[in-house]
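Heads up, the sequence shown is in UniProt numbering, so the first residue is 1 and it goes up one at a time. Right, one structure below, let's go through it.
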Amino acid sequence: MSENILFNQGQSISSKYDFSKTYLSADIFKKKDGSGPAPSPQFPERITLSDGTDIPLIGFGTFRLNGGHGVNTMLQALKTGYRSLDTAVNYENEGAVGEAIQRTSLNREDLFITSKLPGRHQKFDDTITTIQESLFRTKLDYFDLYLIHWPNPLADNYVEAWQGLIEAQKMGLVRSIGVSNFLPEHLERLEKETGVLPVINQIELHPYWSQPKQRKFNKDHGIFTQAWSPLGRANAVLQDETIRKIAEAHHKSIAQIILRWELQLGVGVIPKSSSSKRQFENLNLFDFELSTAEVNLITNLDKPNGRTNNQDPAIYQEF
């Protein structure tokens, strides 16, 4: 592995679509002190994280995309214009992700690949070995981003796992390190005990669960918020009457409105679809903009507990 490949930053995200008509205000991504990740008019579809790594604002989720069907679906997404694939050990499809990468004509440095550490491997040595095994399965030399999938606070090994990710980054196995489903108290402990904060916190976020306090904490600490299940796992939110009316006004799909709303909140998204039409729609979010009133209408749909599967990171365990 050569160092210039491992840490080559600032790569342009190539796409056959024109995303230049509308771009997001840099202010929504910045910390209180004015620093932090920001998109630009030239490349509105990506931002730069606090560690200097570029990441697409829109990634492609791969949960339950396994085997040959999964490979074909990912290849279609890459042809459509996606450059970021999000997987995890617990998705049991890192091999399919690797196969899609092998089959595409795209250069490795033009792709952004994420995987995640399962709870059963949160010991320090296990963390390093698990990342290496993930790389073997994907046939990659490095990951662009590696996350701790869940804090599993009852087991209380997430600080040790985080120390393992820090070491893996030093070894060149990963370019950037982050977490998923971490609450403010978990993040504060990571900083207190290691001095290192994640660059990304990937959390459940959709119109019925917009997580304003978590988003604010992340933003104030220079942590980019990325939404998993940005469309609510295709639940009732895709039938919501308020969002439907906004979609009709913009001549867009309900999914496009939801994803654009999330981008305007300063959140990255990783939608998943096997349909080539929906893959394109979910990527094509930069030729329109929601008004402040429309953003607020969607945000006000928030429910006291809008989680789709009641997975509260304060007590939820996933191994």
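Ideal Cβ placement from N, Cα and C applies to all residues, glycine included.
Identify whether residue i lies in helix, strand or coil by the three-state DSSP scheme.
i      : result
LEU85  : strand
ASN309 : coil
LYS116 : strand
PHE60  : strand
PHE286 : coil
ALA314 : coil
GLN122 : coil
ASP54  : strand
GLN102 : helix
What's the gap between the Cα of residue i and the Cα of residue j?
i           : j      : result
ARG189      : ASN152 : 14 Å
LEU65       : GLY36  : 33 Å
residue 322 : TYR146 : Missing from the structure shown is residue 322; the chain here goes from 1 to 319 and no further.
TYR158      : GLN317 : 12 Å
LEU78       : GLY67  : 17 Å
residue 320 : ALA161 : Beyond the ends of the chain as shown, which are 1 and 319, falls residue 320; an answer cannot be given.
VAL174      : ASP33  : 28 Å
ILE177      : ASP240 : 35 Å
LEU135      : SER180 : 19 Å
PHE319      : HIS121 : 8 Å
ASN284      : ILE258 : 12 Å
GLY52       : GLN169 : 14 Å
PHE143      : ILE113 : 6 Å
GLU92       : ARG137 : 10 Å
GLU193      : GLU281 : 43 Å
HIS69       : PRO118 : 24 Å
GLY266      : ALA96  : 30 Å
GLU262      : ASN309 : 20 Å
GLU294      : ILE131 : 42 Å
GLU133      : ASP86  : 17 Å
THR225      : ILE200 : 6 Å
LEU165      : PHE29  : 25 Å
PHE286      : PHE43  : 11 Å
GLU248      : ARG46  : 27 Å
PHE217      : HIS149 : 19 Å
ILE270      : ALA88  : 13 Å
ILE58       : ARG83  : 8 Å
GLY232      : LEU238 : 8 Å
ALA236      : ASP27  : 31 Å
GLU99       : LEU140 : 10 Å
How would you call residue i, buried or exposed, if buried means at least 16 neighbouring beta carbons within 10 angstroms?
i           : result
residue 330 : The structure shown does not extend to residue 330, since the chain is modelled only from 1 to 319, so the question has no answer here.
GLU3        : Residue placement at GLU3 is flagged as unreliable, the pLDDT there being 25, under the threshold of 50; the coordinate-derived value follows with that caveat. With fewer than 16 other Cβ atoms within 10 Å, it is exposed.
ALA255      : buried
LEU106      : exposed
ILE315      : exposed
PRO230      : buried
GLN279      : buried
ASP312      : exposed
ASN305      : exposed
GLY222      : buried
MET74       : buried
ASP54       : buried
ARG103      : exposed
PRO212      : exposed
LEU290      : buried
LYS219      : buried
GLN214      : buried
GLU94       : buried
LYS245      : exposed
TYR154      : Sequence check: residue 154 is Leu here, not Tyr. Exposed: under 16 other Cβ atoms inside 10 Å.
LYS252      : buried
Determine the extent of the alpha helix (DSSP H) in which residue i is found, giving its start and end residues.
i      : result
LEU190 : 184 to 194
VAL269 : Per DSSP, VAL269 belongs to no alpha helix (DSSP H); it is in the beta strand (DSSP E), 267 to 269.
ARG244 : 241 to 250
GLU109 : GLU109 -> no alpha helix (DSSP H), and no H or E assigned at all.
LYS79  : 67 to 80
GLU262 : 254 to 264
Determine which residues share a DSSP beta bridge with residue i and list them.
i      : result
ASN201 : VAL179 and THR225
TRP209 : HIS206
VAL295 : According to DSSP, which records beta bridges pairwise, VAL295 is partnered with nothing at all.
VAL159 : VAL159 pairs with nothing; no bridge assigned.
VAL97  : Answer by DSSP bridge pairing: none, since VAL97 is not bridged.
VAL237 : BP columns for VAL237 are empty, so no partner.
Can you give me the start and stop residues for the beta strand (DSSP E) that residue i sits inside?
i      : result
THR48  : 46 to 48
TYR146 : 143 to 148
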